[in-house]
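Heads up, the thing below is written out as structure tokens.
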Amino acid sequence: MPATFTRTPAEIDRKDTGIGGKPPVDRRPTGGGGGDDNWENHPQGRRGPRELLTRYRLGLFFALAGDLMFFIALVSAFFVRQNAGHFDPRDNYVSDWHPLAVPPILWINTAILLLSSATIEAARQHLFHEVDVMEEWLGLGRPAVRRASPWLVATVILGVVFLAGQWIAWQQLASQGLFFGSNENSHFFYLITATHGIHLALGILALAVALCALFMLRRVEMRQIVVDCTAWYWHTMGIFWIFLFVLLTCFQ
Amino acid sequence: MSLRLQTERSPRWWLFTTDHRTIGIAYLLLSLAAVAVGTVLSIFMRIHLIAPDLKLPFWGVVPPEGYLALVTMHGTMMVFFVLTTGPVNGFASLVLPAQIGARRMALPLVNAISLWLTVVSFGVLLAAFLVRGGAPISGWTNYPPLSAIAAAGPGQATGMDLWLVSIGIFCLASVFGAINLLTTIVSKRCQGMTLMRMPLTVWAWLVTAVLILFAFSILLAAVVLLLSDRHLATSFFVPPGEVIDGLLVAPHANGSPMLWLHLFWFFGHPEVYIAILPAMGLTSSLLANFTRRPVLGYPFMVATTLAIGFFGLLVWGHHMFVSGMNPYAGTAFAFTTMAIAVPSSASVLGWLLMLLSGRESRVHPLPTPMLFTLGFLSFFIAGGLTGPILAQPVLDAYLHNTYFVVAHFHLIMAMAGMFSLFAGVYYWFPLMTGRLMNERLGKWHFWLSLVGAYATFLPMHFAGLAGQPRHYAQLTGSTSNLSSLLPLQTGITHSALFLATAQLLFLVNLIWSARRGRLAETNPWRATTMEWALDASECSVVRGPYDYRFDANLPDFILQCADEAEQE
Amino acid sequence: MRADRVWWMPPNGALHGVAIDRLMWWNLVALSSLFVLAHIFLFAAMMRRKKSTSPDTSSSWKRELLPLAGLTLLYAWMAVSAQRLWATIRYQGAAPNALQVEVTGMQFQWYFRYPGNDAVLGATRPELINAPAGNPLGLDRTDPHSADDIISSVLLLPAGREVDLRIRSIDVIHGFFIPGMRLKQNAVPGMEMHIHFTPSVVGDYPILCSQVCGSGHARMQSHLRVVSESEYQAWLASHEPHLTSGATR
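Residue numbers (the numbering used here), protein chains in the order written: chain H, 1 to 252; chain B, 1001 to 1568; chain A, 2001 to 2249.
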């Protein structure tokens, strides 16, 4: 079975054969199936070149859905506590929510993270480039890996720079006297940035593992899956960061 | 021909296996250990309640905080390690791939990691008994500030931290398990297995996995926030001005205990549906199997499963009617909670009709799995019917946190859930060991448990109506008139002892049958679902999952993956 | 003191309790009947039957949907009738002339504070809480309104007057539960809850804690004594006004 590669438009259009329309679809329940393009009607292992990739992407999707729920819990707690207040002894309502000024370095960090999404996407595209993948499958060296690796390294560097920038932002807040436990708003600022930072650190770890795996895994399909899943995880962390950043800058 | 699965590798391979059937058995053994520990804890609780000055083995005289520690750990162990682990992870790992025609799970390593994390979580939880101060005392719900301030009670220091770490690890384990289940069900169904041809057990696991994904992520967030409050000087849940033991607690920013209640119950209510939905799916399957008739209204049953899963996410406020929540919100939750009674009643009616129409074709005599399924039905009705009372805020304002609620959830979660677990174990025992469990012991186990359970939990309704609150370590020595309930509670304790003793029959049966039970032939229950087929993964499915025939001229049933010509 | 009952709720002493008791009774009757009916069905289904000639798959939909429709109507009736009662009890606040009493829960004691002649409760501060020195609620002595506050460990109320309870806690969540008044409300630290009711029957009603609050949860009890108006006034008058001497910290 040839390795996974992107289908050109010509192949997809070729489904329409026959004079004046598609051939009739055979729906008889014969054992085996497989005359059409409906992958679900095929037995396992014969569902197309992307069967394994789809499965792992599906697993990653569900994992990220759970992760999204985790972040949603934090964000809803954020909104609930925005209405935090208390009654002073004279029965006046005093709000306890003190919006803090977001350190400007966070804007630079956001730009760096978006750039890193672009770099890892470049790496992913290289790994699916048809000609290079065909060469790899035939055993003629690893051109796709060679082209993708620098981009992956660039992503790792940008990721580390992002985390360093987050750390600097924390230092800046601490020098103003705003620590984790200072007030409710600072709770959430630190918690949200720390949670996202931990996820990103895990992503950097995954990138490092993917880099090693690119040189150690033997099957082209598995190399593609490793980088593809890491890339989607990275993109999702970028999207989460955009939402969280908007939350912290505009909704305090 | 024996169905014995090939587990003849040496033990050290067994520990690190990714084979889903072995993992399923490991989960079930973990649940067995947890239910044994949880039952012993509950016996200690019951004895202490009626005889507070009695010296118990391992403990001496149990102080009030000891009683509360028993309650907390009993609840935690049963809800998490028995009712979440057994039906979902245990049974699904055992039979799900076969039921959908797959050879293995989609992400077997993730499944294995989920098992190991669950085992670690169990160990950490048990360690809470051994640390200074003992286990936590704030109930399985652990409302802050009692759970947020270490000085608020004995066991709330290291014991509480261990509980939080244990449950945090458990959340991760459950989410991993759910990811594996969802990916498997979506992508590994065999050829021809459309969604509407899946057995109802698989539908139940599908909805349960989605609920796990949502609910346990929220619980993980809540646990992280509480740990942060305890150790990182934040105050998500602790308001300022707390005075414990006469001392002002270190100043906190303005937190709210209500935030914990909302987060916890947003998890807590789907959790009980996670515990019961697989049991409902199993009930449908077993009723079909033993009445030899297809499930009545298969699309209808699927719809009720989906409806219960969906509504289950919208009803959490009914645990909080008197907690300080807005009364208008109380009304909203009351209506959604009453709404969820409709699909549940629909399921029960469907099952009752299956039984009625199966009067002529059912298996005779009823084997043990069917008896336990009938027991499930009885307890589900008994426990479920007190739900609508508790769903009305004005009545719940009296009954909240009394023994009425204890009776309600024990009947529907503990007894119905446990009976379904028993039914599953008796039913799938041939798949695990190649042998059948002893029928006579099974019948005795069933009847004694049924009688014992009703004798234990029905009287609790009256204790609740009389006003007895939960978590009370003793009924005497106080200024109220609760001591008049002592005879009632004594009767309950005796029944509980009887019920617990009856479970020894199950243990004996389990151990004896695993070694010397009657060898089972292939498909001993003559079921249509594919876990009983010899090799289902190469087949192409063309029919529904419950193709039982009751026309005398045709063969009795057709296995789901068989062609037309195959005989019984 | 009334006789202790174990098979039903203790005797009701509140005005709204009559309707609640009636609702509870009808709910339990309806649901118990359903329980018995369902089990009769279950047993009937266990009686085996000889093979009949006609397969009865045709009207199965009606047989399932009609009972379901009946049950849905029952649930709807339960929800709506309960909702009406809930709204009258909880949606609106107390009448403006209701008696004000503050209930404070702490580990493991209930305290009740009456506003005294000036009808205003004095301010409290948590840092002033010092039970051994006689200031368990942290009353701020510098506030003039706190001079006539009466602090009691028993809740004494006159029959027939609406009471507005202000429920708070100083440490953990407690549950303020008076079974005889069909009343329950959690006391949450950092929040102040208001519930109101009218005690109508003279008598002594236990007050229990219904939310686990620590090792003394089972003994955190008090009493509600409902007395005649004259007895209530006499009780108020006999209480010494709060002394300004004593520890202020």
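Just so it is clear, CB atoms sit at the ideal spot from N, CA and C, and this is done for glycine as well.
Check	Outcome
For Asp2204/A, report the span of its beta strand (DSSP E) as first-last.	2203–2209
Please report the straight-line C-alpha distance between Ala148/H and Phe1091/B, rounded to a whole angstrom.	43 Å
What is the rounded straight-line gap between the Cα of Phe162/H and the Cα of Arg50/H?	33 Å
If you drop the 5 nearest sequence neighbours on each side, which residues of the same chain put their C-beta closer than 7 Å to that of Pro150/H?	none
Residues of chain H with CB under 9 Å from Lys1188/B, in chain order?	Gln44, Arg55
Do you know whose CA, among Phe1300/B, Phe1267/B, Pro1299/B, Met1301/B, lies nearest Gly1317/B's CA?	Phe1267/B
Please identify, using Cβ separations under 9 Å, the residues of the region 1439–1469 of chain B that lie next to chain A, in order along the chain.	His1461, Phe1462, Ala1463, Leu1465, Ala1466, Gly1467, Gln1468, Pro1469
Quick check on the burial criterion: 16 or more other C-beta atoms within 10 angstroms. Buried or exposed for His1364/B?	exposed
Indicate whether the contact test is met: 3 or more Cβ pairs, each with one atom in the region 161–176 of chain H and one in the region 1196–1209 of chain B, closer than 8 Å.	no
Counting only beta-carbon separations shorter than 8 Å, does Arg27/H have a partner in chain B?	Interpretation of Arg27/H is limited by its pLDDT of 49, a score under 50 that renders its predicted location unreliable; no figure is taken from the coordinates.
Mind checking if Phe1335/B is an interface residue toward chain A, Cβ cutoff 8 Å exclusive?	yes
Would you kindly work out how many angstroms separate the C-alpha atoms of Leu1497/B and Thr1456/B, rounded to a whole number?	9 Å
If we count the other Cβ atoms within 10 Å of its Cβ and call it buried at 16 or more, is Leu1164/B buried or exposed?	buried
Suppose you measure from the CA of Trp2007/A to the CA of Gln1468/B; what does that come to, to the nearest Å?	12 Å
If I measure Cβ to Cβ from Phe180/H and keep anything under 6 Å in the same chain, skipping five residues before and after, which residues do I get?	Tyr190
Nearest chain H C-beta to Asn1142/B closer than 8 Å, yes or no?	no
Tell me where the beta strand (DSSP E) around Ser2222/A begins and ends.	2222–2227
Output needed for Thr1304/B: all residues of its chain with C-beta closer than 6 Å, excluding positions within five of it in sequence on either side, in chain order.	Pro1343, Ala1346, Ser1347
Out of curiosity, what's the CA-to-CA distance linking Gly1038/B and Met1077/B?	6 Å
Go ahead and pull the three-state DSSP assignment for Trp2110/A.	strand
Leaving aside the five residues before and after Ala208/H along the sequence, list all residues of the same chain whose C-beta is less than 7 Å from its C-beta, in chain order.	Val156
Put Pro1469/B into one of helix, strand or coil per three-state DSSP.	strand
Would the region 134–147 of chain H count as touching the region 1023–1037 of chain B if we require 3 or more Cβ pairs under 8 Å?	no
Which of the residues in the region 1070–1090 of chain B, read from start to end, lie with their CB under 9 Å from any CB of chain E?	No chain E is present in this structure, whose protein chains are H, B and A.
Less than 8 Å separating the beta-carbons of Glu184/H and Leu52/H?	no
Suppose the cutoff is 8 Å on Cβ atoms and the five residues either side in sequence are ignored; what does the same chain contact list for Ala1112/B look like?	Phe1016, Thr1017, Thr1018, Ile1023
Could you give the DSSP three-state label for Arg2166/A: helix, strand or coil?	strand
For Ile1218/B, go through chain H and note every residue whose CB falls closer than 7 Å to its CB, in chain order.	Met69, Ala73
Compute the Euclidean distance between the alpha carbons of Val2016/A and Leu2156/A, then round it to the nearest angstrom.	According to the sequence shown, residue 2016/A is His rather than Val. Those two C-alpha atoms are separated by around 19 Å.
Output needed for Ser1323/B: all residues of its chain with C-beta closer than 8 Å, excluding positions within five of it in sequence on either side, in chain order.	Met1258, Leu1261
Mind checking which residues open and close the beta strand (DSSP E) that includes Gln2185/A?	2183–2187
If you follow the alpha helix (DSSP H) that His2194/A is part of, which residue opens it and which one closes it?	Per DSSP, His2194/A belongs to no alpha helix (DSSP H); it is in the beta strand (DSSP E), 2193–2197.
Flag this pair as touching only if the region 2159–2174 of chain A and the region 2186–2196 of chain A have three or more C-beta atom pairs under 8 Å; answer yes or no.	yes
Using a beta-carbon distance below 8 Å, is Phe180/H in contact with chain B?	yes
Please name the residue or residues paired with Lys1055/B in a DSSP beta bridge.	Val1061/B
Which class does Ile2173/A belong to by DSSP, given the choice of helix, strand or coil?	coil
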